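Chains as they are written, first to last, in the numbering used here: chain A, 1 to 244; chain B, 1001 to 1201.
All C-beta atoms in this analysis are idealised placements derived from N, C-alpha and C, irrespective of residue type, glycine included.
The structure presented is a predicted model; accordingly, all values stated were derived computationally and were not measured.
Read the structure below first, then the notes.
Right, dumping it as structure tokens:
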């Protein structure tokens, strides 16, 4: 008769005892329990019988020969190839989508018209500086040629009344600029070309910084990522359907 | 050629050597698949898939028990097959009843020199065991098959099943407990089975 009084925990100990998986201390404790409890001993006998019965189960004869042919291996390898492309494509789709989202958010956060305006201003300033440097050199070279070069422009001296008016206008313009700075300091600070660029420089990695400042490259990358995500996603879907 | 040489040749891509290994192990692999899946069609698919997979992966075999390595592959193939069947359940064209079970047991190896009465009782016991194995949850069935039927030790089972040793121990104990409960329903059959076990050693 089967023994129903043995709790599952002790059954687990019995199972491990049978397979000699208990440590010496646990084994000793269980052996003393077995001597005191005929139910436990009976359960162990049943367990031993069950294990022996299972171990004596014969193998089931295979219904056919499973030897592989070159054709079978070839066909399976082709199918497997499709199967291995599926995870690669789905991975590519996910990565491309994540990268697109990252680049797009970075563009929205750090990019925008302010940065592009700033880059234009800096480029214009650089061009101006180059022009200023080149002017005195050409003037100097003209003097060295023995005064044969172009004639120096003669400064036209304004009349005294006109000069006073111009100075007054300049003073007025300066004071109005100061007022604007005081009223709208945020606007002024944002409009500084260097600060927007500095923000991009400080917060972003080099490659992304380049992309943010180079609008054309950024747009190309975004389009490329969208294309990869869609193409890989469609490909993954195709192989997923084909695999089943 | 011994097993080791056959494996080495198969690792070089020799299909004939691999097929000799297939012949040596196909009953063992099919038995495992049949008992895991519980029906012959799925077992056939899983066995075929397991051998193809084994051929493709044989270069990754790094020594140790080849049987355990194959068992790991067939177990994985069975899980794949179970998942596939779950996604796309198939409906049998033939009605399933107790008669089918009798047909399925035609593949048993006969025990030579066995008395007809003994053979009948042994066959009955086999069917009771198979029936109880089918009722076990697949994760328990896997462990009891590996330890008690395939004869792997706990460590090998842990590697084959990809489970921690503690999980193997507890699942095995619970599987044995449930098997005992199930066989209890067959009453006298289990009691008389002690005699067969005692006789066969």
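- Using a C-beta cut-off of 8 Å, the stretch 226–236 of chain A makes contact with the stretch 91–109 of chain A, since at least three inter-stretch Cβ pairs fall below that distance.
- Residue 1051 of chain B sits buried, since 16 or more C-beta atoms from the chains shown fall within 10 Å of its C-beta.
- Contacts with chain A (Cβ-Cβ distance below 8 Å) from the stretch 1120–1139 of chain B involve 1125, 1126 and 1129, listed in chain order.
- Closer than 9 Å to the CB of residue 1147 of chain B there is at least one CB belonging to chain A.
- The beta-carbon of residue 220 of chain A is placed no less than 9 Å from the nearest beta-carbon of chain B.
- For residue 1164 of chain B, the closest Cβ of chain A is not nearer than 9 Å.
- Counting only Cβ-Cβ distances below 7 Å, residue 66 of chain A has contacts in chain B at 1022, 1026, 1047, 1048 and 1051, in chain order.
- Only those residues of the stretch 39–55 of chain A whose C-beta falls short of 7 Å from the nearest C-beta of chain B are listed: 46, 47, 49, 50, 51, 52, 53, 54 and 55.
- Contact annotation, residue 221 of chain A with residue 103 of chain A: C-beta distance approximately 6 Å; criterion of less than 8 Å satisfied.
- Comparing C-alpha distances from residue 107 of chain A to each of A/210, A/239 and A/241 shows the shortest one belongs to A/210.
- For residue 1014 of chain B, no Cβ of chain A is located within less than 9 Å of the residue's own Cβ.
- Here the alpha carbon of residue 1016 of chain B sits roughly 8 Å from the alpha carbon of residue 1010 of chain B.
- Three or more Cβ pairs closer than 8 Å define a contact, and the stretch 65–74 of chain A falls short of that threshold against the stretch 36–51 of chain A.
- Contact check for residue 1046 of chain B and residue 1152 of chain B: beta-carbon distance about 19 Å, past the 8 Å limit, so the pair fails to qualify.
- Taking CB atoms only, residue 36 of chain A has no neighbour in chain B less than 9 Å away.
- Contact note: residue 15 of chain A reaches chain B through 1172, 1173 and 1176, using a C-beta cutoff of 7 Å and chain order.
- Counting along the chain, residue 1170 of chain B sits inside the alpha helix (DSSP H) bounded by residues 1165–1184.
- Residue burial annotation: residue 9 of chain A is exposed, with fewer than 16 other C-beta atoms found within 10 angstroms of its C-beta.
- Residues of the same chain with a CB within less than 7 Å of the CB of residue 1039 of chain B, apart from the 5 flanking positions on each side, do not exist.
- Any Cβ of chain A closer than 9 Å to the Cβ of residue 1062 of chain B would place that residue at the interface, and such an atom is absent.
- Residue 20 of chain A and residue 1076 of chain B have their C-alpha atoms roughly 28 Å apart.
- For residue 1028 of chain B, the enclosing alpha helix (DSSP H) starts and ends at 1015–1037.
- In chain order, 92 and 96 place their CB closer than 7 Å to the CB of residue 228 of chain A, counting only its own chain and leaving out the 5 sequence neighbours on each side.
- Its Cα nearest to that of residue 1070 of chain B, the residue B/1159 stands out among B/1159, B/1174 and B/1133.
- By alpha-carbon distance to residue 11 of chain A, the top candidate from A/24, A/224 and A/33 is A/33.
- When secondary structure is reduced to three states using DSSP, residue 1080 of chain B falls in the helix class.
- For residue 1031 of chain B, the closest alpha carbon among the candidates A/51, A/60, A/88 and A/16 is that of A/60.
- Look at residue 238 of chain A here: in three-state DSSP terms it is helix.
- Around the C-beta of residue 1005 of chain B, fewer than 16 other C-beta atoms lie within 10 Å, and the residue is accordingly described as exposed.
- Interface flag for residue 19 of chain A against chain B is set, since a Cβ pair is found closer than 9 Å.
- In summary, residue 1037 of chain B is buried, with 16 or more beta-carbon neighbours lying within 10 Å of its beta-carbon over all protein chains present.
- Out of B/1154, B/1176, B/1165 and B/1166, the CA that lies nearest to the CA of residue 1132 of chain B is found in B/1176.
- Proximity of residue 25 of chain A to chain B, defined by a Cβ-Cβ separation below 9 Å, is not satisfied.
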